[in-house]
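What follows is one structure encoded as structure tokens, with my remarks underneath.
Numbering (the numbering used here), first residue to last: 75 to 395.
As structure tokens, this is what we get:
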């Protein structure tokens, strides 16, 4: 079986690649391309690639991602790049005869004022969080692309929606990254420089759920491997995506205290309330996936400590864009 793994150099794609190899899959059966080798926003290039490689299955883990600052600063880039990636990969996979595909989305697809924890059937029931609306719209389109090809062409294209991810290979830029890696870097540099204070964006009151990327990789392959009858019995043709998370959350203030303890920071933690909080709470309802037999295994403190060890080993080479 030949699998095309799009986004193998990203945090999630890299974790999926490791999982496939750990399963004993021959590395030559995992087709990958760097962005320099294949621009997924280029329709003609993606068409030529799919027609040449003819994979048996596709895992779409490639995306343009970032935190609140990046989403607010580059909304056009986020909606355009992600829409083009999804349209090109999904359609050209179909045109090349690929019947199995897994698309990775995001928990930001759900409305801003949604009941917690967020159930899959909350999709398209309200207004999105303004700070990441362009990215969310693109990810919703990805779900609907998969569902539409399934309904019209009988394909088996599936979507998983992860909560906030972290782990080895993350982007640790202090402004353009997500909250946890940005926080790890700020506290690390504060300890290194002997700074008396670390400033956290927002009020510290929003609550967030965090999933280790290795758990996400395991869940992704679990969903992809489900037989069609089991998947169909637990989803709906027009509501087919599956939440992936831990089912538990912490406040940003609690997270900051945890990161301070792990990094050894002893100074003050203050909050810049002029910065946006984003959504007040984002907790996934993961009962659908649990009913099918999968649950996350990595505890948050354990996972952050492991991620910090990785960051320290790669501090000179971590991605900063």
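We put the CB at the ideal spot given by N, CA and C, even for glycine.
If you're wondering where the values come from, they're calculated on a predicted model, not measured in any experiment.
Cβ pair residue i, residue j closer than 8 angstroms
| i | j | result |
| --- | --- | --- |
| residue 209 | residue 168 | no |
| residue 265 | residue 337 | yes |
| residue 220 | residue 177 | yes |
| residue 253 | residue 377 | no |
| residue 81 | residue 119 | no |
| residue 283 | residue 319 | yes |
| residue 285 | residue 316 | no |
| residue 198 | residue 186 | no |
| residue 17 | residue 230 | The structure shown does not extend to residue 17, since the chain is modelled only from 75 to 395, so the question has no answer here. |
| residue 333 | residue 239 | no |
Residue i classed as buried or exposed, judged by whether at least 16 other C-beta atoms fall within 10 angstroms
| i | result |
| --- | --- |
| residue 107 | buried |
| residue 272 | buried |
| residue 387 | exposed |
| residue 298 | buried |
| residue 395 | Because the pLDDT at residue 395 is just 44, under 50, the model does not fix this residue reliably, and the value given afterwards should be weighed accordingly. Looking at its Cβ environment, which holds fewer than 16 other Cβ atoms inside 10 Å, residue 395 is exposed. |
| residue 236 | buried |
For residue i, three-class secondary structure by DSSP
| i | result |
| --- | --- |
| residue 290 | helix |
| residue 189 | coil |
| residue 145 | helix |
| residue 218 | helix |
| residue 86 | helix |
| residue 385 | helix |
| residue 239 | strand |
| residue 172 | coil |
Selected residue, minimal CA-CA separation from residue i, among the options
| i | options | result |
| --- | --- | --- |
| residue 75 | 348, 128, 356 | 128 |
| residue 151 | 161, 164, 229, 137 | 137 |
| residue 274 | 347, 97, 226 | 347 |
| residue 327 | 91, 351, 246 | 351 |
| residue 102 | 325, 196, 79, 276 | 79 |
| residue 158 | 117, 218, 373 | 117 |
| residue 329 | 235, 280, 99, 155 | 280 |
| residue 212 | 172, 349, 255, 145 | 145 |
In DSSP terms, what residue i is bridged to
| i | result |
| --- | --- |
| residue 233 | 177 |
| residue 78 | 105, 132 |
| residue 275 | 346 |
| residue 316 | 234 |
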